[in-house]
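K.L.:
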Amino acid sequence: MEQTAKKTIVSLKDIFVRFDGEVILNHISLDIHEKEFVTILGPSGCGKTTTLRIIGGFVEPESGDVIFDGRRINGTPPNKRNVNTVFQKYSLFPHLNVFDNVAFGLKLKKLPKDEIKRRVSKMLATVDLKGYEKRSVSTLSGGQQQRVAIARALVCDPDIILLDEPLGALDLKLRKCMQLELKEIQRSTEKTFIYVTHDQEEALTMSDRVVVMNNGAIEQVGTPEDIYNEPVNAFVADFIGEANILNGTMIDDCRIRILGRELECVDKGFGRNTPVDVVIRPEDIIITKPETGQLVGVVESSTFKGVHYEMSIRVGKCEIIVQSTKSAEIGSTVGMMVVPFNIQIMNKLLPFYDNIIETVVTGADEADNSFEFRLEDESVTVPGHYYPEGTRLRITLPPDALSLAGDGDGDIDDVYIESVVYKGEHNEIILESDERKWLMLSDVDEQVATYVPLSFDFSKAGFEVLDPEPAETEG
Amino acid sequence: MKSRKLSIPYIVWMLVFTMIPLVMIGITAFTDKSGGFSLEPFQKAFTYTNVFLKSLWIAFLSTLISLILAYPLAYMLARMKKSSQNTFVMLLMIPMWMNFLLRIYAWIILLQKNGPLDLALSILGIHGSYIGNTAAVVVGMVYEYLPFMVLPIYTVMCKIDPSLIEAAQDLGSNGFDVFRKVIFPLSVPGIISGITMVFVPSASTFLVSQYLGGTDDIMIGDVIDKIFWTDQNTGSAISLILMIFIFAFLVLMNLFGDEEAIA
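As given, the protein sequences belong to chains A and B, one line each in that order.
Each residue of the first sequence is one higher than the last, beginning at -7 in my numbering.
Each residue of the second sequence is one higher than the last, beginning at 31 in my numbering.
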């Protein structure tokens, strides 16, 4: 990879940011090389804009270092950093015309008038806005305003250009066109571009490297090909492109069991009988006759997508998406083949499947056949079970015993939705409360990075009385 | 169609209470006591030229001082926490709920001989009354109209997109550059609006100068107040001239700002 040889221009070291007690960036580290196009990709609320604002100097991390060209620049105000930003809503100065907007930074540098004029004209030509000098910015179209914003940042000749979802407000066609233009501008000006977006296609199209973020942490850094072909976990696989993500068990090196079948794969080192996540891209599945397939399923639907058909094939209870240039008949039984190389094995996002709570009964009502325990400063009542006060218990809640409280009154309030991954049968939702994470199954898709109340269905729970441990107090 | 029907009561209102009175004032200004056409009311009106000029001067001073006091206040207000902003705006508004005359009386008490100001200054060995001069009139006017200067500037400043300030910093502006190159130019509509809202009423006000000013601080509003009962024709002529002045002023202001500032 050519990038590794390049010089690092900016690096974030162990950055931690918190707003109002809420962790925005959880000790992230990132190196960005000279002249590269890096995209920070993630769902809204993942901390990607904050990362950009730290480099720009608009946010100061609570801890961690921002190193620019070998120098620590924490505390250096934005105007003293050789970095320019293209803002999300362009933020052009409404009282200035196109020329004065672009010349803004140069005038502050007190450059001679004719040099300013020359550089602004050249930059406007680069962004295809020659002849627009005297136009008021409010009379420009979205795409034109966008280009003025880019010109305004580029003309200052910064080491790094930061772009905060700059194409978000444009319509699809213009966005695609601007993606290529931006990439071209980056190539011709040889600047470092750090680009923030939640659009995975945009990230794959433009970037030399992609940084995938979720919930204030970096999940994976790599070339677009790496990220697509070798996602490190189910979140990345789900976020980038279409993917079948399945629960599997690594039987041994190069042997994986999914959907009740044992298949050959190329990954090693996960250990024997380890639960894993498996990714198979829809375009990597080959439709065969039922007798010759590794997996057999029934075609449920087929949709023409232009280049290919997208079929939904049911294997047992699980839905598999297959893309193929030929459509199979709906209702027919087909076989499916995947070459070992195309089966991507990943560690589970969570080290557990069932949610286990170890606690002490804090209150009990024998007549009512119920007991209470404390969970993260809230008292939870368990109906239908009685244990005397002071009993140490291990409560095992399977993922389907968890649900989001529809009435807004959950057993724990304000639980953060960290990720939602469709596993062919259900959505596996990872939730984060103040002290721990939870795994929940749901048939409904949920919006990540939102806060919801969580309820437990204790009729599905298992209870185990533990030996008393006198020294420990819980609460 | 619907919207046009709804506007009929307002059109009638404007006709009865704006257009017709305006025409009547116009007619009265060009007639004499017997009812015939005459330029005499205007001849009489021009004997008050000095009062006119004095009124404009006092209005100009009041507007200028209001602006000097109001701009930094509005700037600070707009940068405060939202909750403190509301408190301060409230404090600014509360005096306006008090009757206009009472507020003027309060200034008489403050400035008169043996009043609080006099007593305070007597420690330094200075005695006297601070009422009955142009400065006292200006003080009263500024007190009266300051909120009308602060509020439009404050509103415009609140509307400035914070990302523009960030963009300016990003492009190399220090705090002063941000103010000079972004905040000030974008607050000009508020300034124009404030000037209009202070200058126009203070040029035509009355009573303030009667209570706080000296004998030569009489303002054109007071003249109209006095003579209208005895000589409606001259009163109308003066009103008409004042109106033309104000109209010319608004047009002038319109050249600097956009329409919304004048509304």
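Glycine is no exception: its CB is placed at the ideal position from the N, C-alpha and C atoms.
A quick note: this is a predicted structure, and the numbers were derived from the prediction, not measured.
Which residue spans inside the region 211 to 259 of chain B form an unbroken beta strand (DSSP E) run of at least 3?
P.N.:
Listed in chain order, nothing qualifies, since the region 211 to 259 of chain B has no complete beta strand (DSSP E) run of 3 or more residues.
K.L.:
What in chain B is Cβ-close to H87 (chain A), meaning under 7 Å?
P.N.:
Correct list: P215, L216.
K.L.:
Residues of chain A with CB under 7 Å from V212 (chain B), in chain order?
P.N.:
Simply F85.
K.L.:
Roughly how many angstroms lie between the CA atoms of L44 (chain A) and K102 (chain A), to the nearest whole one?
P.N.:
Using only the alpha carbons, I get a separation of about 28 Å.
K.L.:
Hey, quick one: how far does the beta strand (DSSP E) through G411 (chain A) stretch, first residue to last?
P.N.:
Going by the sequence as given, residue 411 (chain A) is Ser instead of Gly. 404 to 414 is the extent of the beta strand (DSSP E) around S411 (chain A).
K.L.:
Should T373 (chain A) go down as buried or exposed, given a rule of 16 or more other Cβ atoms within 10 Å for buried?
P.N.:
Counting Cβ neighbours within 10 Å, T373 (chain A) comes out exposed, since fewer than 16 surround it.
K.L.:
Please name the residue, chosen from A:A441, A:K99, A:N361, that lies closest to C148 (chain A) on a Cα-to-Cα basis.
P.N.:
It is A:K99.
K.L.:
Would you list, in chain order, the members of the region 184 to 205 of chain B that have their beta-carbon closer than 7 Å to a beta-carbon of chain A?
P.N.:
For the region 184 to 205 of chain B, which is checked against every Cβ of chain A, the residues closer than 7 Å are D191, S193, L194, E196, A197, Q199, D200, L201, G202, S203, N204.
K.L.:
In terms of alpha-carbon separation, which member of A:V119, A:T388, A:A397 lies closest to F91 (chain A)?
P.N.:
For F91 (chain A), the nearest C-alpha among the options comes from A:V119.
K.L.:
Where E320 (chain A) and I277 (chain A) are concerned, what is the direct C-alpha to C-alpha distance, given to the nearest angstrom?
P.N.:
It is worth fixing the name first, because residue 320 (chain A) is Ala in this sequence and not Glu. Taking the straight line joining both Cα atoms gives about 13 Å.
K.L.:
Tell me which residues share the same chain as K175 (chain A) and place their Cβ nearer than 6 Å to its Cβ, disregarding the 5 neighbours each side in the sequence.
P.N.:
Contacts found: M198.
K.L.:
Leaving out five residues on either side along the sequence, give the residues of the same chain with a beta carbon under 7 Å from the beta carbon of E275 (chain A).
P.N.:
Once the five neighbours on either side are set aside, the close Cβ partners of E275 (chain A) are Q315.
K.L.:
Applying a beta-carbon distance threshold of less than 8 Å, which residues of chain B neighbour P70 (chain A)?
P.N.:
What P70 (chain A) touches in chain B: E196, Q199, D200.
K.L.:
What is the C-beta distance between P267 (chain A) and K340 (chain A), in whole angstroms, given that I count them as a contact (C-beta under 8 Å)?
P.N.:
Going by Cβ atoms, the distance from P267 (chain A) to K340 (chain A) rounds to 6 Å, so yes, they are a contact pair.
K.L.:
I want to know whether the region 445 to 454 of chain A touches the region 378 to 394 of chain A - three or more CB-CB distances under 8 Å.
P.N.:
Enough Cβ pairs lie closer than 8 Å, so yes.
K.L.:
Is D247 (chain B) close to chain A, meaning its C-beta is less than 8 Å from at least one C-beta of that chain?
P.N.:
So no, D247 (chain B) is outside the interface.
K.L.:
So which residues of chain A does D207 (chain B) contact, with C-beta pairs closer than 7 Å?
P.N.:
Residues of chain A passing the Cβ test: L100.
K.L.:
Could you tell me the boundaries of the beta strand (DSSP E) in which S371 (chain A) lies?
P.N.:
From DSSP, the beta strand (DSSP E) with S371 (chain A) extends over 370 to 375.
K.L.:
In the DSSP assignment, find the unbroken beta strand (DSSP E) run with M242 (chain A) in it and report its ends.
P.N.:
That run of the beta strand (DSSP E) goes 236 to 244.
K.L.:
Please report how far the alpha carbon of T68 (chain A) lies from the alpha carbon of F50 (chain A), in whole angstroms.
P.N.:
So the two alpha carbons sit approximately 10 Å from each other.
K.L.:
Quick check on DSSP: helix, strand or coil for I277 (chain A)?
P.N.:
Residue state, collapsed to three classes: coil.
K.L.:
Which word fits P104 (chain A), buried or exposed, when buried means at least 16 other C-beta atoms lie within 10 angstroms of its C-beta?
P.N.:
With fewer than 16 Cβ atoms within 10 Å of its Cβ, P104 (chain A) is classed as exposed.
K.L.:
Which class does L100 (chain A) belong to by DSSP, given the choice of helix, strand or coil?
P.N.:
In the structure shown, L100 (chain A) sits in a helix (DSSP, three-state: H, G or I).
K.L.:
Is C169 (chain A) close to chain B, meaning its C-beta is less than 8 Å from at least one C-beta of that chain?
P.N.:
No, C169 (chain A) does not count as interfacial toward chain B.
K.L.:
Strictly by DSSP, which residues pair up with C310 (chain A)?
P.N.:
A:V307, per the DSSP bridge assignment.
K.L.:
Could you tell me which chain B residues have their CB closer than 9 Å to the CB of K81 (chain A), listed as they occur along the chain?
P.N.:
Result: D191, S193.
K.L.:
Considering only DSSP beta bridges, list what Y175 (chain B) is partnered with.
P.N.:
In the DSSP output, where bridge partners are listed per residue, Y175 (chain B) has none listed.
K.L.:
Does any C-beta atom of chain B lie closer than 8 Å to the C-beta of C148 (chain A)?
P.N.:
Answer yes: the Cβ-Cβ gap between C148 (chain A) and chain B drops below 8 Å somewhere.
K.L.:
Using DSSP with H/G/I as helix, E/B as strand and the rest coil, what is Q439 (chain A)?
P.N.:
Q439 (chain A) falls in the coil class under three-state DSSP.
K.L.:
I want to see whether chain B comes within less than 8 Å of S91 (chain A), judged by CB atoms only; does it?
P.N.:
Before going further, note that residue 91 (chain A) is Phe rather than Ser in the sequence given. So no, F91 (chain A) is outside the interface.
K.L.:
Which residues of chain B have a Cβ atom closer than 8 Å to the Cβ of T77 (chain A), listed in chain order?
P.N.:
What T77 (chain A) touches in chain B: E196, A197, D200.
K.L.:
Taking the alpha helix (DSSP H) that E194 (chain A) falls in, what are its first and last residues?
P.N.:
Unbroken alpha helix (DSSP H) run through E194 (chain A): 192 to 198.
K.L.:
Does any residue of chain B bring its CB to less than 8 Å from the CB of F60 (chain A)?
P.N.:
It does not: the Cβ of F60 (chain A) has no partner Cβ on chain B nearer than 8 Å.
K.L.:
What are the start and end residues of the alpha helix (DSSP H) that includes S114 (chain B)?
P.N.:
First-last of the alpha helix (DSSP H) with S114 (chain B): 112 to 127.
K.L.:
Since G97 (chain A) meets chain B, which of its residues come closer than 7 Å, beta carbon to beta carbon?
P.N.:
Chain B residues near G97 (chain A): L201, G202.
K.L.:
Note down, in chain order, each residue of its chain lying with its Cβ closer than 8 Å to the Cβ of Q171 (chain A), except the 5 sequence neighbours on either side.
P.N.:
Hits under 8 Å: L159, E194, T197, M198.
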